[in-house]
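*Asks:* Just so you know, this note's numbering puts 515 at position 19 of the sequence shown, and the rest follows in order with no gaps. First the structure, which I've put down as structure tokens, then a few questions once you've had a look.
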Amino acid sequence: MTFGRNYIIEGSLIDLRLNEEFTAGMVACRPPGMEHGPWKSPNGCRIFEVRYYADQKKRRT
497 MTFGRNYIIE GSLIDLRLNE EFTAGMVACR PPGMEHGPWK SPNGCRIFEV RYYADQKKRR
557 T
């Protein structure tokens, strides 16, 4: 299980499951158990993603 955070650097990202748009400067969070996606970005975006793994054995370095 992972916990993810996405910082939107530029552009925008639309979370189709939540029907919410995240724009530059915003942070989108995904708690464990919540599906990641689907998303769309009609004009493109640049994001910085951080993932935290509950099971350290599955962690990639």
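For each residue, glycine too, the CB sits at the ideal point set by N, CA and C.
I'd like the ranges of any beta strand (DSSP E) spanning at least 3 consecutive residues and lying wholly in the region 506–546.
*Replies:* Whole beta strand (DSSP E) segments, 3+ residues: 516–519, 523–526.
*Asks:* Are the Cβ atoms of Glu506 and Cys541 separated by less than 8 Å?
*Replies:* Contact flag set, yes.
*Asks:* Which residues in the same chain as Pro545 place their Cβ atom closer than 6 Å to its Cβ, once the five residues preceding and following it in sequence are excluded?
*Replies:* A small correction: the amino acid at residue 545 is Glu; Pro does not occupy that position in the sequence shown. If we look at Glu545 and ignore the five residues flanking it on each side, its Cβ neighbours are Asn502.
*Asks:* Within 10 angstroms of its Cβ, does Ala524 collect 16 or more other Cβ (buried), or is it exposed?
*Replies:* That one is buried.
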